[in-house]
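These protein sequence lines map, in sequence, to chains A and B.
Each residue of the first sequence is one higher than the one before, starting from 3 at the first, in the working numbering.
Each residue of the second sequence is one higher than the one before, starting from 12 at the first, in the working numbering.
Here a beta-carbon is modelled for each residue, glycine too, at the ideal position from N, C-alpha and C.
Here the structure is laid out as structure tokens; the discussion comes afterwards.
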Amino acid sequence: MADIRLFITVNRTPYAMVLDDPRVTLLDLLRERLHLTGTKKGCDRGQCGACTVLVDGRRVNSCLCLAASLDGAAVETIEGLAQDGVLHPVQAAFIEHDALQCGFCTPGQIMSAIGLLREGQTGADPERVREAMSGNICRCGAYAGITAAVLDAMSLSDRTHLSHDREGRAA
Amino acid sequence: MNHFEYIRVGSVAEAALAASTPGAAFLAAGTNLLDLMKGGVSRPGRLVDVMRIPGLGEIERLPDGALRIGALVRNSDLAHDTKFAQRYPMVAEALLSAASAQLRNAATTGGNLMQRTRCSYFYDTAGACNKREPGAGCGAAGGETRSHAILGWSAQCIATHPSDFCVPLVALDAIVEIDGRDGRREVALEAFHCLPGDTPQIETVLQPGELIVAVRLPTDAAAFAPHARYVKVRDRTSYAFAVVSAAAALRMEGGQIAAARVALGGVALKPWRARAAEACLAGKQGGAGIFREAATAALAEAAPSGDNAYKIELARRVIVRALTLAAAGTPARMPALPASVFAHSMGATLHG
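Now the structure itself:
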């Protein structure tokens, strides 16, 4: 089998890679080749959401993406969120709301929540937030905290955008 | 997962040629195919990645008012396209009732039509399945058949087609545009999937190397927009396949039903158009009695394939519910729980 060349950006770092096996999923590329083990392998079949990452800004199940098909893509994982030791607002909201117990599903929950905020489809309706987060299963049942954390992060991000707008207009 | 050759193609002609080899399969997002390969259910020797073919990712309104959805348009992009959701609301509702946000962000229009059954015996390589291995027998027959077919099944296969998207599409007379080595052709979606008969391994009318390039909604499909709903009964409120679902659409004129469209999901190995129900409704005034009559007509030929007779009455009731909601009018905003029987029609919160 011929090697497959792959250019992929992960957390703003570009990688030129050669895949010796076409079967490598994005999840396995992250965990086994780039040693970014924050993204979790739960079911490995697209059912649990623990492997959720953003590909070109959209949340997807990395276990169901062939790495070979992602030539040129930009991937964001849990490791890329905190900047200079400051947590991403969604990470901070998860801690604030105790939105986890064992923590295994948490990186996927957080990446999914960031995807949800970017999609902008739910508004502040908890029912819509729960529905939009239904692709992320939490065995410990921390859903109440997760929903509260997502809503809180949404309200913070709305306020931040508002203040940016004001600054923009003032300037 | 078996080893395979990975080929990325840049044109339909290249794709058709590369996929004409026995054992080759097209790869789009892979949300179903990779799952099947991980389970050893599908073992293609070659994957032909079609995602980079230009021109297949557009949603186009045609001069005659028809709509052409490129095969590579992602489910979420289609459902959230405002104009699309306004003109074909029950299609958007069906899309948003399916899978999860992550899967909808990846899964494509063509891939949705091509998804395989979720029959657990098809997935279990330790058991018999005529679809996986022609002549092997059907493990589902006499097995756990709660979710299996009640229409169009055969002694060889009692599986169902899992798509939500296809149900309102078939109700709206969608057309599948196909391209391949012998040129372009079109097939009505209603005739695209094959019932199992004696050849359950043949699932669609596609020939080797043929690729879905678009799905088209004809001009009159948008006329149903004011009265069109999708209702899906499932084991969980979200992120579950349909036990039974129904798409119902009414074109109203002067308080009467000028035309009706009804289709069922989760009941057969294809999205099931209920033309007998439509005939009952045409020219009538809507109401509980006529909706029940239409539902009865839709299931006239239904028969349990095992321990699933309950699905026949459930399907009747889902049709009545979908027609009742459609008659009440398409909600201005997508319900918080799309297609759910627990959704308040105004989208209000039910669970506190």
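Margin query: Considering only their Cβ atoms, is the gap separating A338/B from V273/B smaller than 8 Å?
Written below: no
Next item on the list: Just the chain D side, please: which residues come within less than 9 Å of Y134/B by C-beta, in chain order?
Entry: Absence of chain D from the displayed structure is noted, the protein chains being A and B.
Notebook entry, point to check: Okay, do the segment 271-289 of chain B and the segment 340-355 of chain B touch, 3+ Cβ pairs below 8 Å being the bar?
Noted result: no
Check: Among L36/A, G87/A, L89/A and Q49/A, which has the Cα closest to the Cα of A69/A?
Finding: L36/A
Note to self: My output table needs one value for D231/B: the three-state DSSP class, helix, strand or coil.
What the structure shows: helix
Next item on the list: Give the range of the alpha helix (DSSP H) segment to which S87/B is assigned.
Entry: N86 to A90
Checklist line | Stretch pair the segment 202-217 of chain B + the segment 230-246 of chain B: three plus CB contacts closer than 8 Å | finding: no
Note to self: What are the residues in the segment 172-189 of chain B lying within 8 Å of chain A by C-beta distance?
What the structure shows: none
Checklist line | Contact set between D60/B and chain A, taken where Cβ atoms lie within less than 9 Å | finding: L68, A70 and S71
Notebook entry, point to check: In chain A, what lies closer than 7 Å to T42/B by C-beta?
Noted result: G48 and L66
Notebook entry, point to check: Under 8 Å between the Cβ atoms of N86/B and N123/B?
Noted result: yes
Notebook entry, point to check: If you drop the 5 nearest sequence neighbours on each side, which residues of the same chain put their C-beta closer than 6 Å to that of S165/B?
Noted result: P207 and G208
Checklist line | Beta-carbon gap between T54/A and G110/A smaller than 8 Å | finding: yes
Margin query: Does any residue of chain A have a CB that is nearer than 8 Å to the CB of K49/B?
Written below: yes
Notebook entry, point to check: Can you tell which of G294/B, A290/B, E201/B and N319/B has the C-alpha that lies nearest to the C-alpha of T434/B?
Noted result: There is no way to answer for residue 434/B, as the model of chain B reaches only from 12 to 363.
Next item on the list: Residues of the segment 118-148 of chain A with a CB closer than 9 Å to any CB of chain B: list them in chain order, please.
Entry: L118, E121, Q123, T124, D127, P128, E129, R130, R132, E133, A134, M135, S136, G137, N138 and I139
Check: Exposed or buried, R61/A, counting other C-beta atoms within 10 Å across all chains shown (16 or more means buried)?
Finding: buried
Notebook entry, point to check: Are the C-beta atoms of T41/A and some chain B residue less than 8 Å apart?
Noted result: no
Next item on the list: Look up M263/B in the DSSP assignment and give the residues it is bridged to.
Entry: I268/B
Item checked: Cβ contact (3+ pairs, closer than 8 Å) linking the segment 95-106 of chain B and the segment 112-126 of chain A -> no
Note to self: Can you give me the C-alpha to C-alpha distance between G81/B and A134/A, rounded to a whole angstrom?
What the structure shows: 25 Å
Next item on the list: Can you give me, in chain order, the residues of the segment 72-92 of chain B that have a beta carbon less than 7 Å from any beta carbon in chain A?
Entry: H91
Checklist line | Cβ neighbours of A269/B in the same chain (closer than 7 Å, five flanking residues each side left out) | finding: R262 and M263
Check: At a CB-CB cut-off below 7 Å, which residues of chain B make contact with V62/A?
Finding: Q113, N116 and A117
Margin query: Would V131/A and L153/A qualify as a contact pair, given that the criterion is a beta-carbon distance under 8 Å?
Written below: yes
Margin query: For G82/A and R14/A, which I take to be in contact (beta-carbon distance under 8 Å), what is that distance rounded to the nearest angstrom?
Written below: 7 Å
Next item on the list: Could you confirm whether any beta carbon from chain A is found closer than 8 Å to the beta carbon of H362/B?
Entry: Any reading at H362/B needs caution, since the residue's pLDDT is 44, under 50, leaving its predicted position unreliable; the model's value is listed next. So, interface residue.
Check: Less than 8 Å separating the beta-carbons of S316/B and T156/B?
Finding: yes
Check: Going by C-alpha distance, which of I139/A, T149/A and A151/A is nearest R247/B?
Finding: I139/A
Notebook entry, point to check: What are the residues of the segment 14-43 of chain B that lie near chain A, defined by any Cβ-Cβ distance shorter than 8 Å?
Noted result: H14, F15, E16, Y17, R19, L38, A40, G41 and T42
Item checked: Beta-bridge pairing of Y145/A - partner residues as DSSP gives them -> Partner(s): none; Y145/A has no beta bridge.
Next item on the list: Kindly indicate the opening and closing residues of the beta strand (DSSP E) around E144/B.
Entry: Here E144/B belongs to no beta strand (DSSP E), and DSSP marks it neither H nor E.
Check: If you drop the 5 nearest sequence neighbours on each side, which residues of the same chain put their C-beta closer than 6 Å to that of S111/B?
Finding: Y250
Margin query: List, in chain order, every chain B residue whose beta-carbon is nearer than 9 Å to that of I97/A.
Written below: Within 9 Å Cβ-Cβ: nothing; I97/A doesn't reach chain B, min ~23 Å.
Checklist line | Selection of the segment 13-30 of chain A by Cβ proximity to chain B, strictly under 9 Å | finding: L21, D23, P24, R25 and T27
Notebook entry, point to check: By the criterion of Cβ-Cβ separation under 8 Å, what are the contact partners of G51/A in chain B?
Noted result: S111 and Q113
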